[in-house]
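Residue numbers (the working numbering): 17 to 162.
Written out as C-alpha coordinates, the structure is:
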(Lines of atoms letter the chains of each structure in order from A and count residues from 1; the text may use other names and numbers.)
(Lines give C-alpha, C1' and ligand atoms only; values in the text may rest on other atoms or scores of the structure.)
Protein backbone atom coordinates (compact mmCIF):
# COMPACT_ATOMS: atom_id res chain seq x y z
CA UNK A 1 0.00 0.00 0.00
CA UNK A 2 1.42 3.42 -0.96
CA UNK A 3 1.62 6.45 1.30
CA UNK A 4 -1.14 8.07 -0.76
CA UNK A 5 -3.47 5.17 0.04
CA UNK A 6 -2.46 5.21 3.72
CA UNK A 7 -2.96 8.98 4.06
CA UNK A 8 -6.74 8.65 4.42
CA UNK A 9 -9.02 5.70 5.06
CA UNK A 10 -11.96 5.08 2.73
CA UNK A 11 -14.30 6.34 5.46
CA UNK A 12 -12.23 9.53 5.87
CA UNK A 13 -12.27 10.07 2.11
CA UNK A 14 -16.06 9.78 2.15
CA UNK A 15 -16.27 12.39 4.92
CA UNK A 16 -14.19 14.79 2.81
CA UNK A 17 -16.37 14.12 -0.25
CA UNK A 18 -19.42 14.86 1.91
CA UNK A 19 -17.83 18.18 2.99
CA UNK A 20 -17.30 19.02 -0.70
CA UNK A 21 -20.95 18.22 -1.46
CA UNK A 22 -22.11 20.27 1.53
CA UNK A 23 -20.00 23.24 0.43
CA UNK A 24 -21.13 23.02 -3.18
CA UNK A 25 -24.84 22.99 -2.23
CA UNK A 26 -24.54 26.71 -1.52
CA UNK A 27 -22.35 27.83 -4.41
CA UNK A 28 -21.79 27.42 -8.11
CA UNK A 29 -18.09 27.05 -7.27
CA UNK A 30 -16.30 23.74 -7.66
CA UNK A 31 -13.92 22.25 -5.08
CA UNK A 32 -11.60 19.29 -5.65
CA UNK A 33 -9.05 17.50 -3.50
CA UNK A 34 -6.15 15.74 -5.23
CA UNK A 35 -3.61 13.47 -3.51
CA UNK A 36 -0.26 12.49 -4.95
CA UNK A 37 2.66 10.56 -3.53
CA UNK A 38 5.31 13.17 -4.36
CA UNK A 39 6.12 16.00 -6.72
CA UNK A 40 9.72 14.89 -7.11
CA UNK A 41 11.90 17.70 -8.46
CA UNK A 42 8.96 19.76 -9.67
CA UNK A 43 7.76 22.97 -8.02
CA UNK A 44 4.59 22.18 -6.04
CA UNK A 45 2.73 25.23 -7.33
CA UNK A 46 3.55 24.29 -10.95
CA UNK A 47 2.36 20.73 -10.31
CA UNK A 48 -0.88 21.98 -8.73
CA UNK A 49 -1.50 24.09 -11.86
CA UNK A 50 -0.92 21.00 -14.05
CA UNK A 51 -3.36 18.94 -11.98
CA UNK A 52 -5.88 21.81 -12.04
CA UNK A 53 -5.76 21.72 -15.85
CA UNK A 54 -5.70 17.89 -16.01
CA UNK A 55 -8.88 17.75 -13.89
CA UNK A 56 -10.46 20.31 -16.26
CA UNK A 57 -10.99 22.67 -13.34
CA UNK A 58 -10.13 25.58 -15.63
CA UNK A 59 -13.25 24.82 -17.71
CA UNK A 60 -15.89 25.91 -15.21
CA UNK A 61 -18.40 28.44 -16.52
CA UNK A 62 -17.48 31.13 -13.96
CA UNK A 63 -13.78 30.27 -13.52
CA UNK A 64 -14.59 29.39 -9.92
CA UNK A 65 -12.77 26.14 -9.22
CA UNK A 66 -10.63 25.58 -6.13
CA UNK A 67 -8.11 22.73 -5.90
CA UNK A 68 -6.52 21.49 -2.69
CA UNK A 69 -3.46 19.62 -3.94
CA UNK A 70 -1.54 17.43 -1.46
CA UNK A 71 1.88 15.83 -2.06
CA UNK A 72 1.68 13.23 0.71
CA UNK A 73 5.32 12.11 1.07
CA UNK A 74 6.60 15.67 0.62
CA UNK A 75 4.30 16.79 3.46
CA UNK A 76 3.27 19.79 1.41
CA UNK A 77 0.13 21.17 -0.19
CA UNK A 78 -1.18 24.03 -2.31
CA UNK A 79 -4.59 25.63 -2.53
CA UNK A 80 -5.11 26.81 -6.09
CA UNK A 81 -8.04 28.95 -7.19
CA UNK A 82 -9.08 29.82 -10.71
CA UNK A 83 -9.08 33.41 -12.02
CA UNK A 84 -12.72 34.08 -11.14
CA UNK A 85 -12.07 33.18 -7.51
CA UNK A 86 -8.79 35.06 -7.23
CA UNK A 87 -10.45 38.20 -8.61
CA UNK A 88 -12.97 38.40 -5.76
CA UNK A 89 -11.63 36.79 -2.57
CA UNK A 90 -9.89 38.93 0.08
CA UNK A 91 -6.09 39.14 -0.16
CA UNK A 92 -5.57 37.03 2.97
CA UNK A 93 -8.08 34.34 1.99
CA UNK A 94 -5.62 31.74 0.69
CA UNK A 95 -3.26 32.26 3.62
CA UNK A 96 -6.04 31.93 6.21
CA UNK A 97 -7.37 28.80 4.50
CA UNK A 98 -3.85 27.34 4.42
CA UNK A 99 -3.45 28.14 8.14
CA UNK A 100 -6.69 26.28 8.95
CA UNK A 101 -5.41 23.19 7.14
CA UNK A 102 -1.90 23.39 8.62
CA UNK A 103 -3.27 23.64 12.18
CA UNK A 104 -4.91 20.22 11.76
CA UNK A 105 -2.10 18.65 9.70
CA UNK A 106 0.44 19.49 12.44
CA UNK A 107 -1.63 17.34 14.81
CA UNK A 108 -1.77 14.48 12.30
CA UNK A 109 -5.46 15.20 11.65
CA UNK A 110 -5.28 15.09 7.87
CA UNK A 111 -8.95 14.39 7.27
CA UNK A 112 -10.02 17.26 9.51
CA UNK A 113 -7.52 19.62 7.89
CA UNK A 114 -8.91 18.89 4.45
CA UNK A 115 -12.50 19.19 5.68
CA UNK A 116 -11.70 22.54 7.33
CA UNK A 117 -10.09 23.78 4.10
CA UNK A 118 -12.99 22.58 1.95
CA UNK A 119 -15.61 24.19 4.21
CA UNK A 120 -13.68 27.47 4.45
CA UNK A 121 -13.31 27.60 0.66
CA UNK A 122 -17.00 26.74 0.30
CA UNK A 123 -18.05 29.58 2.63
CA UNK A 124 -16.00 32.07 0.61
CA UNK A 125 -17.27 30.73 -2.72
CA UNK A 126 -20.86 31.03 -1.45
CA UNK A 127 -20.37 34.75 -0.80
CA UNK A 128 -19.08 35.45 -4.31
CA UNK A 129 -20.71 32.68 -6.34
CA UNK A 130 -24.06 31.90 -4.65
CA UNK A 131 -25.99 28.85 -5.77
CA UNK A 132 -28.66 29.41 -8.42
CA UNK A 133 -31.41 27.02 -9.54
CA UNK A 134 -29.74 26.65 -12.93
CA UNK A 135 -26.37 25.58 -11.47
CA UNK A 136 -25.07 22.12 -12.25
CA UNK A 137 -22.25 20.22 -10.60
CA UNK A 138 -19.61 20.66 -13.30
CA UNK A 139 -16.89 18.47 -11.75
CA UNK A 140 -16.66 15.27 -9.75
CA UNK A 141 -16.67 15.60 -5.96
CA UNK A 142 -14.51 12.51 -5.51
CA UNK A 143 -10.91 12.76 -4.33
CA UNK A 144 -8.58 12.27 -7.27
CA UNK A 145 -5.20 10.61 -6.96
CA UNK A 146 -2.07 10.69 -9.04
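Beta carbons are placed, not taken as given, at the ideal position from N, Cα and C, and that holds for glycine.
This one's a predicted model, so the numbers in the text were calculated from it and none came from an experiment.
Check, Outcome
"Sequence-distant residues of its chain with Cβ nearer than 7 Å to residue 100 (five each side left out)", "78, 79, 80"
"Contact under 7 Å by Cβ, residue 130 with residue 46", "no"
"Same chain, Cβ closer than 8 Å to residue 118, five either side skipped, listed in chain order", "129"
"Beta-carbon separation (whole angstroms), residue 145 vs residue 38, contact threshold 8 Å", "About 16 Å; that fails the 8 Å criterion."
"Residues bridged to residue 85 [DSSP beta-bridge criterion]", "50, 94"
"First through last residue of the alpha helix (DSSP H) which encompasses residue 118", "109-121"
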